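Here's the structure we're looking at; comments come further down.
There are 2 protein chains.
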Amino acid sequence: MKDKFYQYIQDLQDTITSKLEEIDGKAKFQEDIWKRPEGGGGRTRVIENGNVFEKGGVNISGVHGALPKAMQSYFKVGDVDFFACGLSLVLHPENPMVPTVHANWRYFEMYDKQGNIVDSWFGGGQDLTPYYLFEEDAKHFHQICKTSCDKHNPSFYATYKKKCDEYFYNAHRGEARGIGGLFFDYCKASDEMSMENWYDFVTEVGNSFLEAYVPIVERRKNLQYSDEQRDWQEIRRGRYVEFNLVHDKGTLFGLRTNGRIESILMSLPPNVQWRYDHHPKPESEEEKLVKVLKKPVEWQ
Amino acid sequence: MKDKFYQYIQDLQDTITSKLEEIDGKAKFQEDIWKRPEGGGGRTRVIENGNVFEKGGVNISGVHGALPKAMQSYFKVGDVDFFACGLSLVLHPENPMVPTVHANWRYFEMYDKQGNIVDSWFGGGQDLTPYYLFEEDAKHFHQICKTSCDKHNPSFYATYKKKCDEYFYNAHRGEARGIGGLFFDYCKASDEMSMENWYDFVTEVGNSFLEAYVPIVERRKNLQYSDEQRDWQEIRRGRYVEFNLVHDKGTLFGLRTNGRIESILMSLPPNVQWRYDHHPKPESEEEKLVKVLKKPVEWQ
Chain B
301 MKDKFYQYIQ DLQDTITSKL EEIDGKAKFQ EDIWKRPEGG GGRTRVIENG NVFEKGGVNI
361 SGVHGALPKA MQSYFKVGDV DFFACGLSLV LHPENPMVPT VHANWRYFEM YDKQGNIVDS
421 WFGGGQDLTP YYLFEEDAKH FHQICKTSCD KHNPSFYATY KKKCDEYFYN AHRGEARGIG
481 GLFFDYCKAS DEMSMENWYD FVTEVGNSFL EAYVPIVERR KNLQYSDEQR DWQEIRRGRY
541 VEFNLVHDKG TLFGLRTNGR IESILMSLPP NVQWRYDHHP KPESEEEKLV KVLKKPVEWQ
Chain G
301 MKDKFYQYIQ DLQDTITSKL EEIDGKAKFQ EDIWKRPEGG GGRTRVIENG NVFEKGGVNI
361 SGVHGALPKA MQSYFKVGDV DFFACGLSLV LHPENPMVPT VHANWRYFEM YDKQGNIVDS
421 WFGGGQDLTP YYLFEEDAKH FHQICKTSCD KHNPSFYATY KKKCDEYFYN AHRGEARGIG
481 GLFFDYCKAS DEMSMENWYD FVTEVGNSFL EAYVPIVERR KNLQYSDEQR DWQEIRRGRY
541 VEFNLVHDKG TLFGLRTNGR IESILMSLPP NVQWRYDHHP KPESEEEKLV KVLKKPVEWQ
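Keeping their order, the protein sequence lines are chains B and G. When the letters of the first sequence are read in order and numbered with my numbering, they come out as residues 301 to 600. When the letters of the second sequence are read in order and numbered with my numbering, they come out as residues 301 to 600.
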């Protein structure tokens with residue numbers, strides 16, 4: 301399974317970066333191959349200063365070895381070996397009318413001292429962070445998420461949509477990071493779902509990413525915007541930073557377990573503002589977005 | 301003691317904000333008086349878009365009531381009452397030749413159910429975060445810190461300078477946030493130092509703040525700088541954000557204990573950049589700074 305899934309994310313990285321370069325029309329992904337001293341490594345691909353994408357990364361990694369101490373206590377296990385691989389992407393478009401997107405699909409195995417798999421699971425999801433709310437875009441993104449889920453289990457969309465709203469939540473602000481999507485974790489073999497079934501589900505979602513995001517980019521990338529709208533985007537990007545550095549388990553884990561810092565923090569936006577006690581004007585488009593972030597919407 | 305110290309920080313806030321407005325010559329501090337639902341409140345003063353200060357805050361607060369759950373487990377105590385007050389300041393100048401400064405002086409009391417003080421301590425410090433290193437400035441700042449310390453105990457400067465280097469450290473980057481200063485905490489009554497002695501020490505440091513920082517601002521505020529130098533400042537400000545959101549105990553505590561978010565996060569810089577895998581040019585002024593941040597210097 302681990303070889304099959306690693307092959308899958310390698311291919312998916314190629315598919316996604318090719319398509320994004322085509323859309324951008326200017327910038328190309330720069331590739332960094334890196335090795336983890338304790339075992340494994342990754343292939344980081346970063347795009348900067350494009351026509352469409354101001355900054356973004358589509359990264360894969362496959363790491364293994366002794367489970368780091370911090371993860372042992374997190375998973376409440378002893379001194380075991382592990383394998384983890386995944387694809388992580390974040391795209392920060394320049395135009396505030398185009399939403400930021402994040403996606404991640406990952407697979408984890410844990411071994412006993414004889415090398416037998418004692419636990420394994422899939423995780424991942426995809427979620428959208430607009431700066432201006434186009435309901436058509438939110439509905440489209442969630443429709444693709446739902447269609448992918450429905451092929452595998454009629455309850456998945458509702459469950460993983462809710463988990464996404466709960467996870468990507470800036471508790472200290474009382475608002476969601478974005479308008480959600482899917483989030484799932486610890487997807488393990490059960491009577492209903494074998495690991496092969498989970499593989500089919502996770503790759504279904506992975507394969508749906510471009511269909512979920514690209515039409516939105518195409519619709520919005522040439523819209524005009526003002527300096528004030530750009531300021532709003534940069535202020536909202538501050539909330540993105542706050543979530544990733546204060547709440548996101550993946551980021552904090554990476555920072556505490558000697559992960560590759562530049563690959564982890566490529567998720568941070570390129571230009572960001574913090575203003576004291578900033579509030580959108582009443583009845584404005586900016587306030588409309590914030591209202592939706594304060595109270596999740598059922599888009600499907 | 302709590303009334304005496306709260307009066308002290310009120311007066312100090314006035315002294316510091318008056319002097320900073322005089323230096324800035326354009327922007328004035330905007331004041332927000334706020335109340336904490338569970339007891340106490342504060343006086344936040346924020347300056348934005350000045351001639352010298354792009355963003356900054358000089359805030360006091362005095363809060364009391366039942367010790368929040370998160371702080372009970374941190375302090376390893378049960379359900380007790382507390383009082384805490386302090387002054388916190390952060391100044392982000394516009395000119396990259398002028399360093400960012402942070403300072404904090406605080407006092408904490410804990411009570412048993414009869415209202416008797418069962419524990420009390422002072423804490424605080426001041427530290428400098430330059431974007432370009434002027435050794436003259438670093439030496440001056442540390443000289444003032446040392447002079448204040450030496451009046452109270454010959455070992456204080458070395459001890460608290462080291463604690464500052466250790467505390468304001470971005471472990472995930474392997475570099476200090478800035479060039480340090482003083483950091484002290486849990487300053488409690490002992491055979492050598494009564495609480496009155498600690499009060500004298502902490503207020504000595506507080507009184508030295510303007511003498512430590514203002515001459516540096518005056519020397520650098522009119523220096524010319526390029527767009528590239530401004531970019532470097534904004535990239536380094538990213539590291540400031542990383543420290544405050546990932547490592548700073550005060551910030552994280554505030555976010556987890558329902559503190560006033562805007563007063564806590566006023567410490568974040570106004571305009572910030574993150575670029576992928578950015579490194580200063582060899583032998584540049586930017587690299588000279590990073591080398592010092594990688595290995596703390598004895599400035600005195």
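Note that beta-carbon positions come from the ideal geometry of N, C-alpha and C, so glycine has one too. Note that the coordinates shown come from a computational prediction; the quantities given were computed from them, not determined experimentally.
What GLU586/B touches in chain G, judged by beta-carbon distance under 7 Å, is nothing: the nearest beta carbon there is about 17 Å away. In this structure, the straight-line span from the alpha carbon of LYS304/B to that of GLU496/B is close to 11 Å. GLU354/G counts as buried, since at least 16 other C-beta atoms from the protein chains shown sit within 10 angstroms of its C-beta. Just so you know, the alpha carbons of LEU367/G and ILE561/G end up roughly 18 Å apart. The beta-carbon separation of GLY339/G and ILE333/G, rounded to 15 Å, does not stay under the 8 Å limit for a contact. ASP324/G and ASN571/B have their C-alpha atoms spaced approximately 26 Å apart.
Secondary-structure assignment with DSSP links TRP599/G through no beta bridge to anything. Residues of the stretch 359-393 of chain G whose Cβ lies closer than 9 Å to any Cβ of chain B: none. Not flagged as an interface residue toward chain G: PRO430/B, since no C-beta distance is shorter than 8 Å.
Listed along chain G, the residues sitting closer than 8 Å to PRO570/B by beta-carbon distance are GLN573, TRP574 and ARG575. Check the Cα spacing between VAL358/B and each of GLY365/B, ASN351/B, ALA384/B and GLN310/B: the tightest is with GLN310/B.
Residue pairing from DSSP places CYS385/G in a beta bridge opposite GLY362/G and TYR407/G. In terms of Cβ geometry, ILE479/B and VAL592/B form a close pair [threshold 8 Å].
Per the DSSP secondary-structure output, LEU552/G pairs with nothing in a beta bridge. In this structure, TYR374/B keeps its C-beta atom at 8 Å or more from the C-beta atom of GLY425/B. The residue among MET301/B, LEU565/B and TRP599/B with its C-alpha nearest the C-alpha of ILE535/G is LEU565/B. Between the C-alpha atoms of HIS442/B and VAL377/B there is a straight-line separation of about 36 Å. Between ASP485/B and GLY423/B, the gap from beta carbon to beta carbon is short of 8 Å.
Between TYR432/G and GLU585/G the beta-carbon gap is near 6 Å, inside 8 Å, which marks them as a contact.
Near chain B, meaning a CB-to-CB distance below 8 Å, the residues of the stretch 541-555 of chain G are VAL541, GLU542, LEU545, VAL546, LEU552 and LEU555. Residue range 302-324 is occupied by the alpha helix (DSSP H) that includes LYS302/B. When only Cα atoms are considered, PRO393/B and VAL502/B end up about 26 Å apart. Burial is judged here by how many other beta carbons sit within 10 angstroms of a residue's own beta carbon; PRO396/B has at least 16 and is buried. One finds TRP574 in chain B with Cβ atoms closer than 7 Å to the Cβ of LEU565/G, taken in chain order.
Going by beta carbons, HIS452/G and GLU511/G fall outside the 8 Å limit. Rounded to the nearest whole angstrom, the C-alpha separation of GLU436/G and ASP531/B is 37 Å. Around ARG473/B, the beta-carbon contacts reaching into chain G at under 8 Å are ILE561.
Neighbourhood of VAL346/B in chain G, by CB distance below 9 Å: TYR576 and ASP577, in chain order. Within a 10 Å sphere around the beta-carbon of GLY356/B sit 16 or more other beta-carbons, which makes this residue buried.
Between GLU587/G and PRO580/G, the CB-CB gap stays under 8 Å. Take THR551/B, set aside five residues on each side of it, and the residues of its chain with a beta-carbon closer than 8 Å to its own are ASN544, LEU545, ILE564, LEU565 and SER567, in chain order. Spanning the alpha carbons of TYR540/B and ASN416/G requires a straight line of approximately 44 Å. Restricting attention to LYS549/G, SER420/G and ALA438/G, the CA atom closest to the CA of ALA384/G is found in SER420/G.
Counting of Cβ neighbours within 10 angstroms places ALA471/G among the exposed residues, the total staying below 16. The three-state secondary structure of HIS472/B, taken from DSSP, is coil.
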